[in-house]
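Plus 833 on top of the position in the sequence shown (first one is 1) and you've got my numbering. Heads up: the structure comes next, in structure tokens.
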Amino acid sequence: MARVRPMLDGVPETLLWTLHNRAFEAGRRYPVLDDPMALQLLANLDYPFEERFGVPNAFHSQAQALRSRCFDLAVQEYLADRPEATVVALGDGLETGFWRVDNGRLNWLSVELPEVATLRRTLLPPSDRLRTLSGSATDLSWLDEIEDPEGRGVVVTTQGLLMYLRPAEVREILAACAARLPGGILVLDSMGRRLARGTVAGTSKVGAMTIPPMRWAMDPGEREKLRGAHPGITEVRALRLPRGRGAMGELIRIQNLLPGVRTLTPAITQLRFGDRTPH
Ligand SMILES: C[S@@+](CC[C@H](N)C(=O)[O-])C[C@H]1O[C@@H](n2cnc3c(N)ncnc32)[C@H](O)[C@@H]1O
């Protein structure tokens, strides 16, 4: 296929940064995430990855892949009980989670901004169980697109998205999911306040790219506050990164476990929404 030149800036461009890291990890011996499609996507894109983001470093590329793995594991755990659930991936970028967790029965809905939705449709293979919706996650009409008449269950993932939204928008998304998806779960990652402050000041860079402002931040000790978004949030659970590879993997795990030090990798949280069915 002819290589595609992505015309992205601002937050959408950050999907190329996460893809670059995942592809770098996928090319290692014994990768922590089985993601050959990430390498293929990189080859199909006409984009100066190294000029823009620098050469991926061993810490961030593995940590990025472990974050994706952590999301995959949460989705797979839910699918173990509800194999025909719908997975809604808000801000899915060029993630390949659908193919990594596909059990042949789930349905997948990606919600992405128009320019990224077009890229996904151009670069990723179609499936009759995969839909890409063009629109903003903050326009909650994507909730109307979830076809779940028989209560097969819904998992919402928001990998790498919520930190770029405004706090009121994050709250609205969480409240709407809690109200409309009883029995469902939502998995999110969040950046600590200190790191986010640097991005708002415009001083945090990755290679030549200035990281866009992360307007919503949360320190891990604040997790319980998420319940305040809606009474339907019945469980708030910290998810730990899975074990990584070698000494670097250990370093990633340890710094992720220590709240005071956890500035380099996001904290991952799973929310569960109460089931309205009478017991
Ligand atoms: C850091 S990237 C993460 C992409 C992907 N989830 C991953 O982990 O590789 C942030 C993504 O959020 C998407 N995004 C930003 N604002 C959005 C919005 N309002 N609605 C939907 N997607 C949005 C961007 O287009 C981009 O793909």
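Think of the CB as a built atom: it goes at the ideal place given N, C-alpha and C, for glycine as much as any other residue.
| Check | Outcome |
| --- | --- |
| Beta-carbon gap between residue 859 and residue 866 smaller than 8 Å | yes |
| Cα-Cα separation, residue 1063 to residue 1105 | 11 Å |
| Rounded C-alpha distance that separates residue 889 from residue 910 | 30 Å |
| Residue ranges of each beta strand (DSSP E) within the stretch 890–954, 3 or longer | 919–923, 940–945 |
| Helix, strand or coil at residue 837 [DSSP, three-state] | strand |
| Euclidean distance between Cα positions of residue 1103 and residue 1086 | 18 Å |
| Member of 1061, 1044, 1051 whose CA lies at the smallest distance from the CA of residue 845 | 1044 |
| Pairwise C-alpha distance: residue 1059 and residue 1026 | 15 Å |
| Anticipated Cβ contact below 8 Å, residue 942 with residue 971, distance rounded | Actually they do not touch by this definition, with Cβ atoms about 16 Å apart. |
| Pair within 8 Å by beta-carbon distance, residue 988 and residue 1069 | no |
| Beta-carbon proximity check, residue 994 vs residue 839, cutoff 8 Å | no |
| Residue 895 Cβ short of 7 Å to ligand 1 heavy atom set | no |
| Beta-bridge pairing of residue 1058 - partner residues as DSSP gives them | Residue 1058 is not bridged to any residue. |
| Beta-ladder partner(s) of residue 1022, from DSSP | 1101 |
| beta-carbon residue 969 near ligand 1 non-hydrogen atom, thresh 7 Å | yes |
| Helix, strand or coil at residue 883 according to DSSP, with G and I counted as helix | helix |
| Straight-line Cα distance separating residue 1072 from residue 933 | 19 Å |
| Any non-hydrogen atom of ligand 1 closer than 7 Å to residue 925 Cβ | yes |
| Pick from 924, 1090, 851 that is closest to residue 949, judged by C-alpha positions | 924 |
| Residue 1065 versus residue 1022 - alpha carbon distance | 20 Å |
| Any non-hydrogen atom of ligand 1 within 7 Å of residue 928 CB | yes |
| Short CB-CB distance (under 8 Å) between residue 922 and chain B | This model lacks chain B altogether; it includes just one protein chain. |
| Closest by C-alpha distance to residue 898, when choosing among 1088, 1090, 1082 | 1082 |
| As assigned by DSSP and simplified to three states, the class of residue 1066 | strand |
| Helix, strand or coil at residue 1071 [DSSP, three-state] | strand |
| Residues that residue 1043 bridges to, as DSSP identifies them | 1038 |
| Residue burial classification, residue 862 (beta-carbon count within 10 angstroms, cutoff 16) | exposed |
| Burial state of residue 1098 (16 or more Cβ within 10 Å) | buried |
| Beta-carbon contacts of residue 1084 that lie in its chain and below 6 Å, excluding the five residues immediately before and after | none |
| Contact test: residue 992 Cβ vs ligand 1 heavy atom, cutoff 7 Å | yes |
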